[in-house]
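Counting the sequence shown from 1 gives a position; our numbering is that position plus 476. I have placed the structure first, in the form of structure tokens, so that the comments after it can refer back to it.
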Amino acid sequence: MRSDSSFDAPRPLAIAHRGGAQLGPENTAEAFAASIEAGADIVETDLRFSADGTLVCLHDADLMRLARDPRRVAETDLATLRTTLPALLTLDTAIAASAPLGLLLDVKLHEPRILNPILAALDTADALPRTLLGLRDLDLIAAARRLSSDATILALVPDPDAVAQARAAGADWFRLWQADATPERLAAVREAGMKAVIMVGQPRSVAEPGYPPFPVGRIDADGMTRVLALAPDAVMLDDPGLLLSARSVTGPSST
């Protein structure tokens, strides 16, 4: 597996969720630019296939939330998607817009067929060294590792205790949701030889009762204090400036 020296920076790294969804429209060049200006270390974006096989940066499987349009992304061609969402990024434009920051690609599909075009685009742009490949399935992680010994893979698997399995499949980093991020789980990630990413908020668009009291990507000062006490390697949130401000007060982690 590759050395992820391209991600060496004061920890925890600030990952701008959906490009920085509190700084601009999610997954757009505007949000990317705002996150770069804010000092983020990495920008995160989502990947799906359009109907004509283009890798597009959209979180949802359909266009309802963003455009009040019920059509599914996988059944809509790129030209139509661009008409509906003029600020739509493709993988190629996201690679360009994210430079020189790190780039986290949250691959929403589990099919191995999505891997080759992603890796080809990263190779063409010489962007693989600054990219985290976020994969949601152990089999897909293993497939990606077979295809590339140089890729840095972030396990986005749903089970917070699947650390050993993710490492065995080939992951280098492991994501924990804020509510699942305990000292024991962070220690397990480190003992497995992986880096830990904490995703703030809850894994839903509207928070349910209980802590944390915010939907995905959002956090308050109390939550940030709890997260920083765990000394993760990176934190993913909609406004990276919140982490950067807290990091400047507490100082970088020594992990």
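Glycine included, C-beta positions come from ideal geometry on N, C-alpha and C.
Measuring only the C-alpha atoms, how far is residue i from residue j?
i: Pro488; j: Leu623; result: 29 angstroms
i: Thr560; j: Gly646; result: 38 angstroms
i: Ala672; j: Phe650; result: 5 angstroms
i: Leu614; j: Thr628; result: 15 angstroms
i: Ala707; j: Pro636; result: 17 angstroms
i: Trp653; j: Arg558; result: 32 angstroms
i: Gly421; j: Ala516; result: Residue numbering for the chain in the displayed model covers 477 to 731; residue 421 lies beyond these limits and cannot be assessed.
i: Pro688; j: Thr658; result: 13 angstroms
i: Arg621; j: Leu585; result: 16 angstroms
Select from the options the residue whose C-alpha is nearest the C-alpha of residue i.
i: Arg524; options: Gly495, Leu542 and Leu567; result: Leu567
i: Val549; options: Thr559, Arg541 and Asp536; result: Asp536
i: Ser625; options: Asp637, Leu534 and Leu609; result: Leu609
i: Gly495; options: Thr600, Leu539, Leu564 and Ser526; result: Leu564
i: Gly699; options: Arg680, Val682, Met675 and Glu684; result: Met675
i: Val532; options: Ala570, Arg541 and Phe508; result: Ala570
i: Pro562; options: Thr600, Thr504, Thr552 and Ser724; result: Thr504
i: Leu499; options: Leu713, Val725, Arg666 and Ala722; result: Leu713
i: Ala667; options: Ala497, Asp648 and Ala655; result: Strictly speaking, residue 667 in this sequence is Glu, with Ala absent from that position. Out of Ala497, Asp648 and Ala655, Asp648 has the C-alpha closest to the C-alpha of Glu667.
i: Ala507; options: Ser574, Leu539 and Gly529; result: Ser574
i: Ala555; options: Thr530, Asp484, Leu579 and Leu616; result: Thr530
i: Val725; options: Val711, Ala597, Leu704 and Val633; result: Leu704
Please list, in chain order, all residues of the same chain as residue i whose beta carbon is under 8 angstroms from its beta carbon, the five residues on each side excluded.
i: Phe690; result: Val676, Gly677, Gln678, Ala683, Asp696 and Gly699
For residue i, I'd like the list of residues in its chain whose CB is within less than 6 angstroms of its CB, leaving aside the five on either flank, ordered along the chain.
i: Ala603; result: Ile571
With residue i and residue j assumed to form a contact (beta carbons below 8 angstroms), what rounded beta-carbon distance in angstroms separates them?
i: Val665; j: Val639; result: 6 angstroms
i: Asp582; j: Glu513; result: About 22 angstroms; that fails the 8 angstroms criterion.
Please specify which runs of the beta strand (DSSP E), each continuous and at least 3 residues long, are wholly inside the segment 638-707, giving them in chain order. 649-653 and 671-675
What are the uninterrupted segments assigned as alpha helix (DSSP H) that are 4 or more residues long and contained completely in the segment 484-535, given in chain order? 505-514
Secondary structure, alpha helix (DSSP H): runs of 4+ residues fully inside the segment 578-627: 591-600 and 614-623
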